[in-house]
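Trainee: Before I ask anything, here is the structure I am working with.
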Amino acid sequence: MTNTIKIKGSVPKFDQSELERRQESYKQMYLNTRECKTITRAELPYQFIQTVIKMTDDGYVLDEKLPIRMESLNYSAYMTKPQHVQDADLALMIGKVKEDYIAELERERQRFKELLKAQLIERDEIKEAEKIASAKAKRLAQIEDEVNNTFADLVIPS
């Protein structure tokens, strides 16, 4: 009889290169999406221009690739965050990427523990069932012998 629960693979271990790959992947995603930008909005053109000027003074740069909206009562533009803000965002998120990676490793480790526990319990249950079946078969053989010894063969006169 074979076990139905089988552990495949091995418990993942912390891999610095995997962590760095994930962090670099997040960094590239951050720099190549709107994550490194902020949107500025205003209802009136004058307010919009004032906001853009103030943000430019704070180090933000008007994004050249994304559209600027100049609709009535809806003026908006994307502005790239200053480098120090991007660095702070990245530092925070790279720390979160590390926490997520460690949490994933811990979850996987816990899953392997649960699988091993279930596998060992199942193995013990199978062994116990085999012992019981063997003991039952022995006892049935003893009973059969006892019954056969109690009764003599049927003699039929010819």
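Heads up: the sequence shown is residues 0 to 157, going by numbering that gives the first Met the number 0.
Don't be surprised by glycine CBs; every beta carbon is placed ideally from N, CA and C.
(1) With H, G and I counted as helix, E and B as strand and the rest as coil, what does DSSP make of Leu91?
(2) What are the complete beta strand (DSSP E) segments, minimum 3 residues, inside the region 20-71?
(3) Quick one: is Tyr45 buried, meaning 16 or more other Cβ sit within 10 Å of its Cβ, or exposed?
(4) Measuring CB atoms only, is the region 86-97 touching the region 14-29, in the sense that at least three cross pairs come out at less than 8 angstroms?
(5) For Asn73, which residues from the same chain have a beta carbon less than 8 angstroms from its beta carbon, with the 5 sequence-adjacent residues on both sides left out?
(6) For Thr79, list the residues DSSP reports as bridge partners.
(7) Pairing CB atoms from the region 5-14 with CB atoms from the region 106-114, are three or more of them under 8 angstroms?
(8) Look at the alpha carbon of Ser133 and the alpha carbon of Leu139, and state the distance between them as a whole number of angstroms.
(9) Check whether the Cβ atoms of Val51 and Leu65 lie closer than 8 angstroms to each other.
(10) In angstroms, rounded to a whole number, what distance separates the CA positions of Leu153 and Ala136?
(11) Taking the C-alpha atoms as reference points, what is the distance between Glu124 and Lys95?
Mentor: This is what the structure holds:
(1) helix
(2) 36-41 and 68-70
(3) exposed
(4) yes
(5) Arg40 and Glu42
(6) Lys36 and Val60
(7) yes
(8) 10 angstroms
(9) no
(10) 26 angstroms
(11) 43 angstroms
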